[in-house]
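Here the structure is laid out as structure tokens; the discussion comes afterwards.
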Amino acid sequence: MAGKMRSSVVSVDLSVSSDCCSRKRDVEGRLKALKEKVIKNPEKEDRLFGDPYYADFKIKAGRRVFHIAKYQLALKSVVFERLLKSDMRESNEGVLKLDDGADAVEAMLKFVYMYTPVKGGELARKVIQLAHRYELEELKDQCELEIIETLTMEDARDSLLLANQLELPLLFTKCNEFLYFNFDDFNNNNDVVVVDLEAPLKISVEPNEILLVQGQPKSHHKIKNHSSVEIAYKFCVRSPGFNGSIFKVVGPKKAHDFYFTDFLAFNFVHKVGIYYVEHVKNKCIDYTKLDAFPDAKFIPLHLKLAY
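Residue 92 in UniProt numbering sits at position 92 of the sequence shown, and the numbers go up by one each step.
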């Protein structure tokens, strides 16, 4: 992350850490259970994997073609079973074309045939989406475990969004552990914890009041990025169902003009403002949901009624 974060030493009453310890034990218990499920499927060699002579179906991904036996697909996935029994074009033509990367498709098929484990968090994040789509629960478990065991601060945000999308509560918890709790800081030998209090991201919004005319916003504002990195920001109302999907990016040391003219009517119960996070290029991050990011920051804006 760009910029250097300054830390402050904060005294913490360790009597509050009992909840943290309880949470940690719960997470460790669920992780142990997941590992036990995964190791029940040891890898086994299948020398006929990919042999066209024994195949009766093809899967195309990019420029690669995988020769597969329908039996193997249907045995492991009810989704594949329904597809192969249907009157769909793929079933009639004997070819399924996928837009997914060939490396992810190959990893999925090797697991289906031989329980070959997916290696590496980046590949596992791709394969787990295939596992979710085709209801390959054993593969989904193995990928989730691989993502957890290779998790780093750099990919924790991406993995958190994936966990939320695919409803993976253990991965979701582990990502939050990385981003928020950092359990390793809590132990019985220390009575202080170093907490980062200042983030390198800083923006300002001028003016900080939204002018309402007959309940509709009619304001012109300027958002300034005082940071040395790009920032993605999004206007939000802290009220269920009101947050849109539009976000914008402002460059380092740059400013944007924007208008509040296209949003729903507000009332003075709603909390409105700007959510913002660092914008990372070349990453598959859905910034339309940045208000749900655990590291998103919020600048409240005030509503001013025009008479």
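Note that the Cβ used here is the ideal one computed from N, Cα and C, for glycine as well.
C-beta contact flag for residue i and residue j at 7 angstroms
| i | j | result |
| --- | --- | --- |
| Ile148 | Lys119 | no |
| Gln72 | Val38 | no |
| Phe247 | Leu290 | yes |
| Ile128 | Lys110 | no |
| Cys143 | Ala124 | yes |
| Glu154 | Leu201 | no |
| Leu130 | Asp158 | no |
| Pro252 | Ser227 | yes |
Close-in-space but distant-in-sequence residues of the same chain around residue i (CB under 7 angstroms, 5 per side omitted)
| i | result |
| --- | --- |
| Val78 | Glu135 |
| Gly50 | Phe66, His67 |
| Asp286 | Leu161 |
| Tyr115 | Asn41, Pro42, Glu43, Lys44 |
| Pro52 | His67 |
| Ala107 | Val118, Leu123, Val127 |
| Glu90 | Leu83, Leu96 |
Cutoff 6 angstroms; reference residue i; Cβ partners in own chain excluding five residues on either side
| i | result |
| --- | --- |
| Glu206 | Lys222 |
| Phe298 | Gly273, Tyr275 |
| Ala102 | Ala61, Gly62, Arg64 |
| Leu166 | His132 |
| Arg30 | Leu170 |
Three-state class that DSSP yields for residue i in the structure shown
| i | result |
| --- | --- |
| Asn176 | helix |
| Pro52 | helix |
| Tyr287 | helix |
| Gly121 | helix |
| Phe293 | coil |
| Lys254 | coil |
| Phe247 | coil |
| Val280 | coil |
| Ala69 | coil |
| Ser91 | helix |
| Tyr113 | helix |
| Val157 | Note that residue 157 is Arg in the sequence shown here, rather than Val. Correct three-state label for Arg157: helix. |
| Ile147 | helix |
| Asn41 | coil |
| Glu81 | helix |
| Arg47 | coil |
| Glu106 | helix |
| Glu135 | coil |
| Leu31 | helix |
Cross-strand partners of residue i (DSSP beta bridge)
| i | result |
| --- | --- |
| Glu206 | Lys222 |
| Pro169 | In DSSP, Pro169 forms no bridge with anything. |
| Lys97 | Lys60 |
| Ile231 | Val250, Glu278 |
Residues of its chain near residue i, where Cβ-Cβ distance is below 8 angstroms and the 5 sequence neighbours each way are ignored
| i | result |
| --- | --- |
| Lys58 | Val65, Phe66, His67, Ile68, Gly94, Val95, Leu96 |
| Asn164 | Phe172, Ala292 |
| Lys281 | Glu230 |
| Val105 | Ile59, Ala61, Arg64, Phe66, Leu98, Leu130 |
| Asp46 | Tyr113, Met114 |
| Ala296 | Tyr275, Tyr276, Val277, Leu290 |
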